[in-house]
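First comes the structure, then the notes that go with it.
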Amino acid sequence: METIQATLALLQDSPAFFVGSILVLGLLVGSFLNVVIYRVPKIMEREWKNFCAELAEQAPPTAETFNLVTPRSRCPSCATPVHAMDNIPLFSYALLRGKCRHCGASISARYPIIEALTGLLSAYIAWCFGVSAMTFAALLFCWSLIALTFIDADTQLLPDQITQPLIWLGLLVNLNGLFTDLPSALIGATAGYLSLWSIYWLFKLLTGKEGMGFGDFKLLAAIGAWLGWSMLPVVILLSSLVGAVVGISLIAFARHARSQPIPFGPYLAGGGLIALFWGQDLTQAYLAWLH
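Take 49 as the starting number for the sequence shown in the numbering used here and just add one per residue.
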């Protein structure tokens, strides 16, 4: 206990050391998030295939153990396991010049980008909230949103394995009013889900098409559970504006087919992070502008 208190005192007396430590932690977590982003959809696909085989009374497809730990990370080109020294965030990519040590195949720049993004956002959270419970809770919130952003961008899926625990965790961290009071968190989770659920069914009744997935409902419910109902208008407005601008730009300049869906999860996640950092300021500025 004394050791923990001494460590906390050291971190409080040295903000730069604390922020630097969280930056390093964020880089390491970013490396793990690359694994989560790639493997969670693969794990889900395997589960679906096994379930379909079970319904058809067939033997499940035989495959090696595949989870977030096993097997070790491999080069996507030559399948050579990645050595620990080649898996150091940012440093290894720069040292290897973005290529596999064994076959020389190019490695996507997205891996170090996600590591750097996670590290920088983690450091900013530490700088904003200091040595407090809010920092460590906000880190979990941020890391989850990063994983969901890139999974949705890749597969147009927002896995229940992440969104549902995020809802319950948001309610738990607000039991004592960490980010908002518990009634606001409960209303935020409910209103977040029902708002997009209502838009989904209205759009489907009018057009006969599905405008978004159920994962979007759960993600906004999670954001509402963490930040409270009062932040939902900010999140919805920002995510809708950015989503519209990006969607129109893709159609106009990138030859993106109008019938091809654009994932909404990344914009919700971005709106959630903006609300976490500046939501109160944006709300107050808007109310002041109205008056």
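Positions of the beta carbon are idealized from the N, C-alpha and C atoms, including for glycine. From a predicted model like this one, the values you see are computed outputs, not experimental measurements.
- A distance below 7 Å separates the beta carbons of Thr197 and Pro314.
- DSSP places Pro89 within a helical segment (H, G or I) once states are collapsed to three.
- Under the three-state reduction of DSSP, Arg120 is assigned to coil, being neither helix nor strand.
- Counting only residues of its own chain and dropping the five nearest sequence neighbours on each side, Ala186 has a CB closer than 7 Å to the CB of Ile173, Phe177 and Leu324.
- The three-state secondary structure of Lys97, taken from DSSP, is helix.
- Excluding the 5 residues flanking it on each side, Ala333 has no same chain C-beta neighbour closer than 6 Å.
- Nearest to Gln106 by C-alpha distance, out of Lys97, Leu226, Thr113 and Glu112, is Lys97.
- In this structure, Gly319 and Ser287 form a Cβ contact; the two beta carbons are roughly 4 Å apart against a cut-off of 8 Å.
- Closest in alpha carbon position to Ile136, among Ile194, Leu76, Phe184 and Leu116, is Leu76.
- Looking at the backbone, the Cα of Gly240 and that of Ala233 are separated by about 10 Å.
- Per DSSP, the beta-bridge partners of Ser154 are Lys147.
- Taken through DSSP and simplified to helix, strand or coil, Pro108 comes out as coil.
- For Ala142, the closest C-alpha among the options Ala157, Ala153, Val130 and Asp200 is that of Ala157.
- For Pro137, the three-state secondary structure derived from DSSP is coil.
- Between Pro89 and Asp200, the gap from beta carbon to beta carbon reaches 7 Å or more.
- When C-alpha distances from Leu223 are compared across Ala273, Ile194, Glu112 and Val67, the shortest belongs to Ala273.
- Of Pro124, Phe189, Ala153 and Asp329, the smallest CA-CA separation from Thr166 is found for Phe189.
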